[in-house]
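Note that our numbering has the sequence shown beginning at 94, numbered continuously upward. Even glycine gets a Cβ: it sits at the ideal position worked out from N, Cα and C.
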Amino acid sequence: MSKKIILPSGVRAIEAEYKEQYVEEYNSNPFTQCLPQIKSEQEIIKLLTYNPKINKEELLLDGSIKSHLLERIYRFFQPLPIHIKIWNMIDTLIRQSYVARNPFDPNYKRYANETGERIINKNFSLDCNENFRTTASCGLLIGFSGMGKTTTVDNVLKNIPQIICHNTYNNVQFNQIQVPWLKLEAPYNGSLKSLTLQAFLKIDDLLQTDNFKRHVSRNLSTDAMLPILGKLCNSIGVGLIVIDELQHLNNRGVNQTMNFFVSIMNTFGVSLLLIGTPASYDMLKTEMRIARRVTGNSEVIWNNMDLDKEFRLLMKGLWRYQWLNSKAELTEEIINAFYKRSCGITDLVVKIFVNSQKMAIGKGIEVLNIEVIEKVAKEEFQLLTPMLEAIRSNNPSKLIRYEDISRINTSLINTQEINS
Numbered sequence: 094m095s096k097k098i099i100l101p102s103g104v105r106a107i108e109a110e111y112k113e114q115y116v117e118e119y120n121s122n123p124f125t126q127c128l129p130q131i132k133s134e135q136e137i138i139k140l141l142t143y144n145p146k147i148n149k150e151e152l153l154l155d156g157s158i159k160s161h162l163l164e165r166i167y168r169f170f171q172p173l174p175i176h177i178k179i180w181n182m183i184d185t186l187i188r189q190s191y192v193a194r195n196p197f198d199p200n201y202k203r204y205a206n207e208t209g210e211r212i213i214n215k216n217f218s219l220d221c222n223e224n225f226r227t228t229a230s231c232g233l234l235i236g237f238s239g240m241g242k243t244t245t246v247d248n249v250l251k252n253i254p255q256i257i258c259h260n261t262y263n264n265v266q267f268n269q270i271q272v273p274w275l276k277l278e279a280p281y282n283g284s285l286k287s288l289t290l291q292a293f294l295k296i297d298d299l300l301q302t303d304n305f306k307r308h309v310s311r312n313l314s315t316d317a318m319l320p321i322l323g324k325l326c327n328s329i330g331v332g333l334i335v336i337d338e339l340q341h342l343n344n345r346g347v348n349q350t351m352n353f354f355v356s357i358m359n360t361f362g363v364s365l366l367l368i369g370t371p372a373s374y375d376m377l378k379t380e381m382r383i384a385r386r387v388t389g390n391s392e393v394i395w396n397n398m399d400l401d402k403e404f405r406l407l408m409k410g411l412w413r414y415q416w417l418n419s420k421a422e423l424t425e426e427i428i429n430a431f432y433k434r435s436c437g438i439t440d441l442v443v444k445i446f447v448n449s450q451k452m453a454i455g456k457g458i459e460v461l462n463i464e465v466i467e468k469v470a471k472e473e474f475q476l477l478t479p480m481l482e483a484i485r486s487n488n489p490s491k492l493i494r495y496e497d498i499s500r501i502n503t504s505l506i507n508t509q510e511i512n513s
C-alpha cells in the first residue's frame with residue numbers, strides 16, 4: 094500500500110510506488126507505473142459494492158428513528174455489468190493519456206518546453222504540435238437522469254489516488270506532482286470560459302496553489318486561457334479531465350465546444366470523459382472529430398433498465414434492507430410493480446423502496462406489501478407521472494418533451510458504425 098504523506102501546503106497525497114504493470118507500455122513511465130494495478134472483474138465488484146449497515150436491534154426502535162436509518166439505503170451500491178464497463182473505460186483513459194507523455198522521453202520534454210516558451214512569449218497558438226502525437230482519447234457516458242452516472246464515476250474515481258508525489262524514479266531525481274484525474278461540471282449557462290476558470294480554481298483548491306491569481310485576468314479570452322490551462326495540466330501530470338452535465342454546453346456553438354475538447358486531447362494529450370443526458374448526444378453526433386474518438390471502446394450508453402436479470406439482481410440486493418418488524422418476501426409481483434412504477438430508473442427504484450417503508454412504518458404496517466408500494470408511487474411521485482408515461486409509451490412525440498429521458502437506440506448506433 095502506498096504511503097500517505099502531507100505536502101508542505103497541508104494537502105494530503107500518496108508517495109509514488111512503482112509497480113511492474115501487466116501491460117508493457119505502462120512500464121518505463123513513472124506516470125503509469127505508480128498507478129494501481131489493473132483490476133479483475135471480481136476485484137472491481139468488491140471495490141464498488143456498498144452494503145449499508147443494519148442491526149437486528151434497530152428493528153425494535155421507534156418509527157421516527159427508523160425513518161432516519163432508512164436514509165442509509167441511498168448509499169447502497171450494487172455493481173452491475175455497466176458499472177464494470179465504466180470502471181474499465183476510466184482506467185483505460187487515464188493510462189492511455191500518459192503513454193505519449195513520458196516525462197523521461199526527450200521528444201516529449203522538448204515539446205513541453207517549446208509549448209511553455211510560446212505561452213511565456215504570449216503566443217497562444219495551438220497549431221505547433223508536429224513533434225507530439227497524442228495517445229489521449231475521449232470517453233462518453235450518456236444516459237437517463239437518475240441512472241447513477243455521476244455516482245458511479247465518483248465511486249470509480251475514489252479508488253484512484255488524485256495526488257501522487259514523485260521523488261526519484263530508477264535512481265534519477267524526479268520531483269513531480271501528479272494529478273491522475275480532475276472532475277469539472279459544465280456551467281449551467283454553457284460558458285466555456287467559466288468551465289476553464291473552474292479548472293484553474295479546482296487545481297488551486299486541490300494543491301493549495303495560486304495559478305488562478307497568477308495566470309487569469311478578467312480580460313483574458315478562453316482562447317488565451319486554454320493553452321495556459323493545458324500547460325498547467327501537463328506540469329502537474331493530469332491524466333483525465335471529467336466534464337459532467339455536458340448537456341449544459343448545448344447552449345453554445347457546437348464548433349467552439351468541439352474545438353475546446355479536441356485541443357485538450359490533441360495539443361496537451363489529456364484524456365476526456367464527457368458525462369451527460371441524451372440531450373447532449375445529438376451535439377456529439379454532428380462532430381466526426383469527437384465521434385471517432387469514442388466509437389468502439391469509449392462509449393457507454395446508459396438507457397433505463399429492462400425488466401431482466403440485471404433489474405432482478407438490483408432488486409434482490411436492495412430488498413435485504415428492510416427496517417420493518419417482519420421482512421417481506423421478494424415476489425415476481427413486487428418486482429413487476431417496482432419496474433412499472435420506476436420504468437427501470439435506478440434512482441426511482443430506491444426512492445420508492447425507501448418511501449414505501451416510511452409509509453408502512455407510519456401506518457403501523459408490519460410487512461411491506463404491494464398496496465403500500467402502489468400507493469407511494471401514485472401519491473408521492475405525481476410530478477414524474479407524465480415523464481414515466483412517456484417512457485412507457487415509447488412514443489417519440491411524447492419523449493421529445495423530456496430531453497433527459499430520451500432512449501438512445503444502441504442497436505441502430507452499432508448498425509451505423511458497421512455500415513460506415
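* Asked: When you compare only the Cα positions, how much space is there between Pro479 and Arg434?
  -> Whole-angstrom Cα-Cα distance: 12 Å.
* To do: Return helix, strand or coil for Ser373, following the three-state DSSP convention.
  => DSSP places Ser373 within a helical segment (H, G or I) once states are collapsed to three.
* Asked: So, do the segment 406-416 and the segment 363-378 have three or more beta carbon pairs nearer to each other than 8 Å?
  -> Touching, no, given that fewer than three Cβ pairs across the two stretches are closer than 8 Å.
* To do: Could you please give me the residues that DSSP links to Trp395 through a beta bridge?
  => Partner residues in the beta bridge of Trp395, as assigned by DSSP, are Gly236.
* Between Gln126 and Tyr115, is the Cβ-Cβ spacing less than 8 Å? -> In this structure, Gln126 lies away from Tyr115, with their beta-carbon atoms at least 8 Å apart.
* Asked: Where does Val460 land, buried or exposed, given buried means 16+ other C-beta within 10 angstroms?
  -> Under this definition Val460 is an exposed residue.
* Asked: Would a C-beta distance cut-off of 8 Å place Leu342 and Ala279 closer than the cut-off?
  -> In this structure, Leu342 places its C-beta atom within 8 Å of the C-beta atom of Ala279.
* **Rounded straight-line distance, which links the Cα of Asp184 to that of Thr227** => Cα to Cα, Thr227 sits roughly 17 Å from Asp184.
* **Beta-carbon gap between Ser486 and Val465 smaller than 8 Å** => No, the Cβ-Cβ distance between Ser486 and Val465 is not below 8 Å.
* **Nearest to Ile166 (by Cα), restricted to the options Leu275, Ser499 and Ile445** => The shortest C-alpha separation from Ile166 is found at Ile445.
* Asked: Would you report the Cα separation of Thr261 and Asn418, rounded to the nearest angstrom?
  -> When only Cα atoms are considered, Thr261 and Asn418 end up about 59 Å apart.
* Which runs of the beta strand (DSSP E) fall wholly inside the segment 328-357 and span at least 3 residues, in chain order? -> If only uninterrupted beta strand (DSSP E) runs of at least 3 residues are considered, those enclosed by the segment 328-357 are 333-337.
* **Same chain only: Cβ atoms within 6 Å of Gln301, ignoring 5 sequence neighbours per side** => Excluding sequence neighbours, Gln301 sits near Ser102 and Val104.
* **Nonlocal neighbours in the same chain, by C-beta distance under 7 Å from Leu288, ignoring five residues either side** => The answer, listed in chain order, is Leu277, Ala279 and Pro280.
* Asked: Out of curiosity, what's the CA-to-CA distance linking Lys132 and Gly156?
  -> One C-alpha to the other measures close to 42 Å.
* Between Lys491 and the rest of its own chain, which residues show a CB-CB distance below 7 Å, the 5 nearest in sequence each way excluded? -> Answer for Lys491: Ala483, listed in chain order.
* Asked: Taking the C-alpha atoms as reference points, what is the distance between Tyr432 and Phe293?
  -> The alpha-carbon atoms of Tyr432 and Phe293 are separated by roughly 43 Å.
* I think Leu367 touches Ile394, with their Cβ atoms under 8 Å apart; what is that distance to the nearest whole Å? -> Ile394 and Leu367 do not touch by the CB rule: their CB atoms are close to 13 Å apart, not below 8 Å.
* To do: Using the DSSP secondary-structure output, state which residues sit across from Arg105 in a beta bridge.
  => Answer is Ile99.
* Asked: By Cβ distance, which residues of its chain are closer than 6 Å to Phe353, with the 5 residues on each side in sequence left out?
  -> Excluding positions up to five away in sequence, the list reads Leu285.
* Asked: What residue range is occupied by the uninterrupted alpha helix (DSSP H) comprising Thr424?
  -> From DSSP, Thr424 is part of no alpha helix (DSSP H); its letter is neither H nor E.
* **Helix, strand or coil at Val249 [DSSP, three-state]** => Secondary structure at Val249: helix, using DSSP grouped into helix, strand and coil.
* Hey, quick one: how far does the alpha helix (DSSP H) through Asn260 stretch, first residue to last? -> Asn260 -> not in any alpha helix (DSSP H); beta strand (DSSP E) instead, spanning Ile257 to Tyr262.
* Asked: To which residues does DSSP link Phe170 through a beta bridge?
  -> According to DSSP, Phe170 bridges with Tyr143.
* To do: For the beta strand (DSSP E) holding Val265, just list the boundary residues, first then last.
  => First-last of the beta strand (DSSP E) with Val265: Val265 to Gln271.
* Asked: With C-beta atoms as the reference, is Gln291 less than 8 Å away from Trp274?
  -> Result no, Cβ atoms of Gln291 and Trp274 do not sit closer than 8 Å.
* Asked: Is the CB-CB distance between Phe361 and Gly323 below 8 Å?
  -> Closer than 8 Å, so yes.
* CA nearest to the CA of Lys112, picked from Asn263, Ala229 and Asn206 -> Of Asn263, Ala229 and Asn206, the residue nearest in Cα terms is Asn263.
* **Local Cβ density within 10 Å of Met318, reported as buried at 16 or more and exposed below that** => Buried, because 16 or more other Cβ atoms sit within 10 Å of the Cβ of Met318.
* To do: Under 8 Å Cβ to Cβ from Asp399, same chain only, skipping five residues before and after it: list those, please.
  => Result list for Asp399: Gly437, in chain order.
* **Nearest-angstrom Cα separation, counted from Phe305 out to Thr208** => Taking the straight line from one Cα to the other gives about 19 Å.
* Should Glu110 go down as buried or exposed, given a rule of 16 or more other Cβ atoms within 10 Å for buried? -> Under this definition Glu110 is an exposed residue.
* To do: Report the residue from Asn252, Ser238 and Cys231 whose alpha carbon sits nearest the alpha carbon of Lys139.
  => Relative to Lys139, the option among Asn252, Ser238 and Cys231 whose CA is nearest is Asn252.
* To do: Work out the CA separation of Phe124 and Asn195 for me, nearest whole Å.
  => Roughly 7 Å between the two C-alpha positions.
* Measure the C-alpha to C-alpha separation of Asp198 and Ser356 and round it to an integer number of angstroms. => Approximately 22 Å, taken between the alpha carbons.
* For the segment 465-474 and the segment 173-193, state whether three or more C-beta atom pairs, one from each stretch, are separated by less than 8 Å. => A contact between stretches requires three or more CB pairs, one per stretch, nearer than 8 Å, and the segment 465-474 fails this requirement with the segment 173-193.
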